[in-house]
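Peer 1: Sharing a structure below in structure tokens format, with a few things to ask.
In my numbering, the protein residues as written are 7 to 117.
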């Protein structure tokens with residue numbers, strides 16, 4: 007969340023990102039309580055919702071993902087429960103912020 011704090015404290019004061027603003031407020035609200043934050047990567051299930059297909063002149067479809075050819079961290083929605091269970095089974099995770107992903111692959115490999 008450090009990056010979100012940098013954005014919120016942007017010198018111009020006009021950098022608003024509601025998704026991350028809310029996460030930053032929740033961190034502040036829960037500070038000092040025995041909580042663990044689980045941050046997932048992009049959900050595979052949202053792939054076609056956020057990355058639209060564009061019809062090409064030859065009738066085929068193409069999606070454009072401006073992230074290069076390297077691997078991207080993806081989360082499968084069904085795995086979130088398993089990730090959460092793994093955290094709850096480990097008391098040492100209390101007070102931690104945990105990043106998670108189900109797999110790492112390029113968008114082309116995912117498609």
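Even for Gly, the Cβ is constructed at its ideal location relative to N, Cα and C.
What you are looking at is a predicted structure, and each value in this text was computed from that prediction instead of being measured.
(1) Among 104, 113, 22 and 112, whose alpha-carbon lies nearest the alpha-carbon of residue 41?
(2) Any chance the stretch 17 to 37 sits against the stretch 56 to 70, with 3 or more Cβ pairs inside 8 angstroms?
(3) Around the C-beta of residue 113, are 16 or more other C-beta atoms found within 10 angstroms, so that it is buried, or is it exposed?
(4) Report the residue ranges of all beta strand (DSSP E) runs contained in full by the stretch 13 to 71; include only those spanning at least 3 residues, in chain order.
(5) Suppose the cutoff is 7 angstroms on Cβ atoms and the five residues either side in sequence are ignored; what does the same chain contact list for residue 89 look like?
(6) At the level of alpha carbons, what is the spacing between residue 55 and residue 69?
Peer 2: To lay it out plainly:
(1) Start at 1 with the first residue of the chain shown, and residue 41 comes out as number 35. Closest option to residue 41, Cα to Cα, is 104.
(2) No: fewer than three Cβ pairs fall under 8 angstroms.
(3) Position 107 of the chain shown, counted from the start, is the residue given in the question as residue 113. Classification of residue 113: buried, given that the 10 Å Cβ count is 16 or more.
(4) If only uninterrupted beta strand (DSSP E) runs of at least 3 residues are considered, those enclosed by the stretch 13 to 71 are 43 to 46, 59 to 61 and 67 to 69.
(5) As a working note, residue 89 is residue 83 in the chain shown. The answer, listed in chain order, is 44 and 106.
(6) Position 49 of the chain shown, counted from the first residue, corresponds to residue 55. Position 63 of the chain shown, counted from the first residue, corresponds to residue 69. Counting only the Cα atoms, residue 69 lies some 11 angstroms from residue 55.
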